[in-house]
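Student: Numbering-wise (the numbering used here), the first sequence opens with residue 20 and increments by one. My structure is below; once you've seen it, I'll send some questions.
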Amino acid sequence: MPELPEVETIKNGLQSLIGKKVSNYFRSHFKLRVQNVQDYQSLKGSKVTSLRRRARYLIIDFDCNLSLIIHLGMSGRLVLKRQAEIIKHDHFILYFNDGFCLIFNDPRRFGFVDLIKSKNLNCYKIFAKLGPEPLDPEFNFRYLAAKLKNKKSNIKNVMMDNEIVVGVGNIYINESLFLAKILPTTNANCLKLAQIKALISAIKITIKAAIKSGGSSINDYVDAKGDQGSFQNNFKIYGKNGKKCLICNQIITKIVQNGRSSFYCKECQK
DNA sequence: AGACGTACCTGACCGC
DNA sequence: TGCGGTCAGGTACGTC
20 MPELPEVETI KNGLQSLIGK KVSNYFRSHF KLRVQNVQDY QSLKGSKVTS
70 LRRRARYLII DFDCNLSLII HLGMSGRLVL KRQAEIIKHD HFILYFNDGF
120 CLIFNDPRRF GFVDLIKSKN LNCYKIFAKL GPEPLDPEFN FRYLAAKLKN
170 KKSNIKNVMM DNEIVVGVGN IYINESLFLA KILPTTNANC LKLAQIKALI
220 SAIKITIKAA IKSGGSSIND YVDAKGDQGS FQNNFKIYGK NGKKCLICNQ
270 IITKIVQNGR SSFYCKECQK
C-alpha cells in the first residue's frame, strides 16, 4: 500500500525519467477518483524536467509548463518498463521516445491522474488545504500543541487528518503512537506536553525509518517486479493483535476507531 | 465549525 | 470447488 514513504521512494526511483520525451499516452475509460477530462495530447513532444512529491501526491513537471499529478490511492502502482502490453487495471500510460513507458495501474481506482499548468500548482484545490510534511521543521511542538488544543476527537483520528499533517496513514499512526507510548483513544486535547513532544518525535522517526526501508526495493519496483519496501517487516504493533508486545509481553489489543483498525499495548500505552 | 459516518472499488481471505 | 461475506484504507463529501 503506497504511503508517503513509498511515494517518496517511487519519486527517487523515477529520476531517470528526467529528460525523456513523451511520444504518446494511453488513458483507460474507467472513472478514477478524480474524473479528469484533461488534454493529455499537449504532453506529446515535451520532456520531463523534474519529479516532486507533496504529501502522497507525485508531481511530474514537463518543459511545456504542465505538471502531471498522480495519487496512487490504496492500490495504485507506478511501473517503468521498456514496453507495455496494456493489462487489466492499467489506467494511464506515458510512452517515451526511447522505448520506455510509465504505467499507472490501480485495481481499486482510489487513485487518480490529473494534468494542470505548473504555475497553478500552488492554488491546486487539493493542495490548498494540506498541512505540513511530517519531516518538515514546521511540523514541531509549537505547531502541533496549537492544533490539538481545540480537538476533542481521539488523537489517532486527529493525526490522520491531512490538514494537521500529511502522509500519516493508519499504519504509521499506529506505529507512532506505540513508539510514543500514547493510547490511541486519548482525546487530542488531553495530551500532556511531553506526550505531544514524544508523538512528533515518534512520527518523524517512523516515517524516516519507513523511507529508509522503502528504498531497498525501489529497483525491483521500477523494474515492475516488486511492489513494496521492507518496512512491513518492522511493524511492532500494526496487525499484531493477539501477539505479544515486544517490550512487555502483554497481548496486543485491536479495536476499531472511526471505522479503522487500531492496535495498541494496554501496558505500554497509557 | 467540528465530529463523525459513509461511499468509492477490487482482491485476498475465510468459513461453510 | 465455489460462493458469499468481510476487510483492507485515503480521501471527498454529506449530515448533524
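Ideal Cβ positions, reconstructed from N, Cα and C, are used throughout, including at glycine.
Going by alpha carbons, who is nearest to tyrosine 257 out of Pro203, Ser86, Lys216, Ile29?
Tutor: Pro203
Student: On a CA-only basis, which of Ile37, Leu154, Ala229, Pro24 is nearest serine 69? Give me that one, please.
Tutor: Ile37
Student: Using only CA atoms, which one of Pro153, Asn176, Ile201, Lys148 lies nearest to alanine 229?
Tutor: Pro153
Student: Tell me where the alpha helix (DSSP H) around threonine 204 begins and ends.
Tutor: Premise fails: threonine 204 is in no alpha helix (DSSP H) and is neither H nor E.
Student: DSSP three-state label for isoleucine 237, please.
Tutor: At isoleucine 237, the pLDDT of 40 sits below 50, so the modelled position is not reliable; the number obtained from the coordinates is stated separately. Note: isoleucine 237 maps to helix in three-state DSSP.
Student: Distance check for aspartate 58 and histidine 90, CA to CA, integer angstroms please.
Tutor: 18 Å
Student: So for serine 112, helix, strand or coil by DSSP?
Tutor: A small fix is needed here, since residue 112 is isoleucine in this sequence, not serine. The three-state secondary structure of isoleucine 112, taken from DSSP, is strand.
Student: Do you know offhand how far isoleucine 201's Cα is from leucine 62's?
Tutor: Their Cα atoms are separated by approximately 48 Å.
Student: Helix, strand or coil for lysine 1? Go by DSSP, reduced to three states.
Tutor: Look at the range of the chain in this structure, 20 to 289, and you will see that residue 1 is not part of it.
Student: Going by DSSP in three states, phenylalanine 158 sits in which element: helix, strand or coil?
Tutor: coil
Student: Can you check which of these residues, Arg46, Phe123, Cys83, Ile78, is closest to lysine 100 by C-alpha distance?
Tutor: Phe123
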